[in-house]
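The block underneath contains the structure these notes are about, expressed in structure tokens.
Protein chains: 2
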Amino acid sequence: MTAADSPWLELAPGHPFGVDNLPYGVFSTPGTAPRVGVRIGDQVLDAGACAEQAGMESGEVWLTPSLNAFLAQGRQAWSAARHWLQEQLTNERRRDCVEQHLLPAESVTLHLPLEVADYVDFYASEQHATNVGRIFRPGAEPLTPNWRHLPIGYHGRAGTVVVSGTDIVRPTGQRKAPEEPAPTFGPSIRLDIEAELGFVVGDATRLGDRVAVDDAGDHLFGAVLLNDWSARDIQAWEYVPLGPFLGKSFATSVSAWVVTMDALEAARVGLPGQDPQPLPYLRGEHPPYGLDVHVEVELNGTVVSRPEYRDLYWSPAQMLAHLSVNGASVRAGDLFGSGTISGRERQTRGSLLELSWNGTEPVTLSDGATRSFLEDGDTVVLHAWAPGPGGVRIGFGEVSGTVVPAR
Amino acid sequence: MTAADSPWLELAPGHPFGVDNLPYGVFSTPGTAPRVGVRIGDQVLDAGACAEQAGMESGEVWLTPSLNAFLAQGRQAWSAARHWLQEQLTNERRRDCVEQHLLPAESVTLHLPLEVADYVDFYASEQHATNVGRIFRPGAEPLTPNWRHLPIGYHGRAGTVVVSGTDIVRPTGQRKAPEEPAPTFGPSIRLDIEAELGFVVGDATRLGDRVAVDDAGDHLFGAVLLNDWSARDIQAWEYVPLGPFLGKSFATSVSAWVVTMDALEAARVGLPGQDPQPLPYLRGEHPPYGLDVHVEVELNGTVVSRPEYRDLYWSPAQMLAHLSVNGASVRAGDLFGSGTISGRERQTRGSLLELSWNGTEPVTLSDGATRSFLEDGDTVVLHAWAPGPGGVRIGFGEVSGTVVPAR
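Listed in order, the protein sequences are those of chains A and B.
Take 1 as the starting number for the first sequence in this note's numbering and just add one per residue.
Take 1001 as the starting number for the second sequence in this note's numbering and just add one per residue.
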């Protein structure tokens, strides 16, 4: 199905939010409390109201202020909902009903689409891990011995995941350069971004059970663009031995629209290759797949990087299987990030740390300004899209944030 | 006030749950859905029902299935509630009303007392960090250079925090000993405990603000006993460079009763001493304080260790100030663990890793059995108490868990 199948929606060809996409978010208007909406073209469908009018009981979960109730329902409900929505939006006989519940996208306020249960961040790009290893541990083997055996990850702070457009207050903390005798305290002087995809999980499991890699698709609802803001000076001083903490926990931004895994089916691609072969629990019956998602990193209006998600070493299903292999239960609303998306070429690196090679090769913006790390007032916007069926584009929208001075 | 002030409660002198304690939990009965209860002696007060009958509107938060709504109210409400409860339980004129809402403790089911928002685990015992450093990084300086400058911590998995009594399924995962050529997969063969206190946080802050060390008391509601179950083999292979993940995330057990910081006022003690002096944001106007909480670790009925919380290097207020110094907001229901409580003497070490010195000095139980790590069927129970006013005991109850085989 393509946008052309719904002429009455009058979508421009190649619109990133056609009927093959239908991402979910949470919106409000002055007269409507936050509830689930579906993006279609330049409009937002009040999905719950539409379902209510159509007499569809299961649409009640869309009248709540987060996606969590819908996420809890699982794969069958997600697929049924997608078919129902595509039917509503393409069947001329449903037009009158649907049109009553369409709102111009620019007229609504978008909210964080989910109540984040647990947030995990992975480290799935070989090139990113290699670059960070070279920068933070010069002279040592850049990849740790475990890197190619398991998708390395850690838990982040769920309570500071914010929706696109939220200002980012510059974090304050301790840092100490190796040559300094003692740590100093103050606003971070090496504030950075990390361009990632985040995966939204639903259909809870029981404590002690695991999600097999072949069953991961039953729990993977969709993907968001994710900016894992990072204070490199704070991180470098704190992270040995228990990992990143305050260097990351001040904010993580996600896009307002969750693109479903169903919409990303045509974007599935093979992985670049895994050597050595992973242990059986990471292999499964079906070959693992990556996603052909093209990301753009824009800093103050200049595109400074174009990371390719297909370069990632570990697949989303492998990450979820690994996350739960110890019996850790998953909940509706769990979110995991892929880790920074970086490729081999400089222009595909997903962080300023790598783009500026730790400040030694500053990035030049279109107005002639240079940046190694972020200054107050800087705005970072990530965009992304993936191929859909029949050559359409599946858009992710954007995740944006402006740095404001430390309080 | 002491338990003797309420003769009609007929508490034995020195009862760990006297009117100076009054810990909060969540209970249910066959006829009552989960709601907040207050432990008094060997009974549980249905606090919400009692408040409702007394016409106290603010008691509504106690009719909910977690402490979170009450936690959100903040310090003033917590103090007012404590005074009100002590009045109810000691004033003879309130006796008839109160007695209608007392249930025998053994007749109720206890639940996880809070919906855990974010869970952080610290590493605040110098002796524990030193022991772990010696065991995991032999030949290197046992404490990392940052250790005495900041309370090291990391985020754990909030969704796998479970209440005392929950069985612990042995986790499965990857491990690789240094001399092995490749990782192997299977149930953990080095399953361990960590005896900790956990601190329950309330009164949310705004993103970008921090909790000053002197204001931490406004957000610290109370403490629980916490067992941070740890799979040492999984942890050792995965934790470099991003910290513990699956070695910890399968389960964290907490006691069913949350002892308030008010009840622990008489247990405040000075810290062992901090050198070098911490940065100003960790100092504040008032000297930091620790807590004189005595912990007992029981393995299959044998007490194998008696850790002393007063040995910890960093104070709870310092940990909270550090956790939020970067502007990370806190939410009602946040929980942070102290890290394993270990002292200088062998019999005060809070983990089997340390007690058995990585398996080289197994612990002998009263039945002659020995343990380096936990076997299936083993039961671990932590108990704790602190001094209260006038020589009474403030009890924490227990946190228990039995290891069941991997699924």
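Heads up, the beta-carbon is just placed ideally off N, CA and C, and yes, glycines get one too.
In this text the structure is predicted, and so the values were computed from the model without any measurement.
Residue pairing by DSSP places Phe17/A opposite Ile394/A in a beta bridge.
Note on geometry: alpha-carbon atoms of Ile1189/B and Pro1178/B lie some 15 Å from one another. The continuous alpha helix (DSSP H) containing Gln88/A extends over residues 75 to 90.
Runs of the beta strand (DSSP E) lying entirely within the segment 326 to 378 of chain A and spanning at least 3 residues, in chain order: 335 to 337. Two segments are said to touch when three or more pairs of C-beta atoms, one from each, lie closer than 8 Å; by this definition the segment 300 to 317 of chain A does not touch the segment 88 to 99 of chain A. Taking each of Val1201/B, His1149/B, Ala1216/B in turn and checking the Cα distance to Gly1284/B, the smallest one comes out for Ala1216/B. When secondary structure is reduced to three states using DSSP, Tyr1119/B falls in the strand class.
Across the segment 141 to 156 of chain A, CB contacts with chain B closer than 7 Å involve Thr144, Asn146, His149, Leu150, Ile152, Gly153, Tyr154, His155, Gly156, in sequence order along the chain. From the beta-carbon of Ile1234/B, the residues of chain A found nearer than 9 Å are Asn326. Scanning chain B for C-beta atoms nearer than 8 Å to the C-beta of Glu238/A yields Asn1146, Leu1150, Ile1152, reported in chain order. Three or more beta-carbon pairs drawn from the segment 1029 to 1044 of chain B and the segment 1064 to 1081 of chain B are found closer than 8 Å, and the two stretches are therefore classed as touching. Shown here, Gln1318/B sits in a helix according to DSSP, grouped into three states. Identification of residues in the segment 158 to 175 of chain A having a C-beta nearer than 9 Å to some C-beta of chain B yields Ala158, Gly159, Thr160, Val162, Thr166, Asp167, Ile168, Val169, Arg170, Pro171, Thr172, Gly173, Gln174, given in sequence order. In this model, Gly273/A and Gln318/A are separated by some 13 Å (Cα to Cα). Take the alpha-carbon of Leu1011/B and the one of Val259/A: they are about 60 Å apart. By the CB criterion at 8 Å, Thr1302/B and Leu1365/B fall inside the cutoff.
Fully contained in the segment 232 to 268 of chain A are the following beta strand (DSSP E) runs of length 3 or more, in chain order: 252 to 254.
Between Gly339/A and Phe122/A a beta carbon distance of about 5 Å is seen, short of the 8 Å cut, so the two are scored as contacting. Its chain contains Pro387, Gly388, Pro389 as the residues whose beta carbon lies nearer than 7 Å to that of Ala266/A, once the 5 sequence neighbours on both sides are disregarded; these appear in chain order. In the DSSP assignment, the residues bridged to Glu308/A are His294/A. Under the three-pair Cβ rule at 8 Å, the segment 1113 to 1128 of chain B counts as touching the segment 1332 to 1348 of chain B. Tyr1289/B is outside the set of residues whose beta carbon lies under 8 Å from a beta carbon in chain A.
For Leu279/A, the closest Cβ of chain B is nearer than 8 Å.
In this model, Ser1230/B and Val1325/B are separated by some 28 Å (Cα to Cα). Secondary structure of Asp1214/B (DSSP, three-state): helix. If you ignore the 5 residues before and after Gly173/A, its C-beta comes within less than 6 Å of the C-beta of Ile234, Leu246, all in its own chain and listed in chain order.
With 16 or more other Cβ atoms from the protein chains shown falling within 10 Å of its own Cβ, Thr1252/B counts as buried. Contact with chain B is found for Leu207/A, since one of that chain's Cβ atoms lies less than 8 Å from the residue's Cβ. Annotation for Arg1268/B: Tyr1289, Gly1290, Leu1291, Asp1292 place their beta carbon closer than 8 Å to its own, counting only its chain and skipping 5 residues before and after. Within the DSSP bridge table, the entry for Leu102/A names Leu45/A as partners. Per the DSSP secondary-structure output, Trp1385/B pairs in a beta bridge with His1294/B, Gly1395/B. Not a single CB atom of chain A sits nearer than 8 Å to the CB of Tyr1313/B.
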